[in-house]
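So that you can map any letter, position 1 of the sequence shown is 1 in our numbering, and since no number is skipped, the others follow by simple counting. The C-beta atom is built at its ideal place from N, Cα and C for all residues, glycine as well. Let me begin by presenting the structure, written as structure tokens, before commenting on it.
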Amino acid sequence: PESGRAALRVFNASGQLVKTVVGNFEKGYNEVTFRRDEFGTPGVYYYELETPMHSDRKKMILID
Numbered sequence: 001p002e003s004g005r006a007a008l009r010v011f012n013a014s015g016q017l018v019k020t021v022v023g024n025f026e027k028g029y030n031e032v033t034f035r036r037d038e039f040g041t042p043g044v045y046y047y048e049l050e051t052p053m054h055s056d057r058k059k060m061i062l063i064d
């Protein structure tokens, strides 16, 4: 991976966009923190990480 611009998008189980984080990130490990009140109910969410060279989508579970 290279340093550069990336977009992280979080969607609920219905496919609605919940949160977007866009910025320039350094090469290597990066961390993004979300607040609980930014999400609706507990359940399955999907996050998508997109860079100019790659994109990937994964599942996460929000537990109360």
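Beta-carbon proximity of residue i to residue j, cut-off 8 Å
i	j	result
L8	V44	no
R36	E48	no
Buried or exposed (CB count within 10 angstroms, at least 16 for buried), residue i
i	result
A6	buried
V22	exposed
Beta strand (DSSP E) segment containing residue i, residue limits
i	result
V11	Just to set this straight, residue 11 is Phe in the shown sequence, not Val. It spans G4 to N12 - the beta strand (DSSP E) in which F11 sits, taken as one unbroken run.
K19	L17 to F25
I61	S55 to L62
Residue closest to residue i, alpha-carbon to alpha-carbon, out of the options
i	options	result
N30	G4, K19, V18 and F39	G4
V18	G28, G40 and K27	G40
A13	Y46, M53 and D64	Y46
T20	F11, G28 and K27	F11
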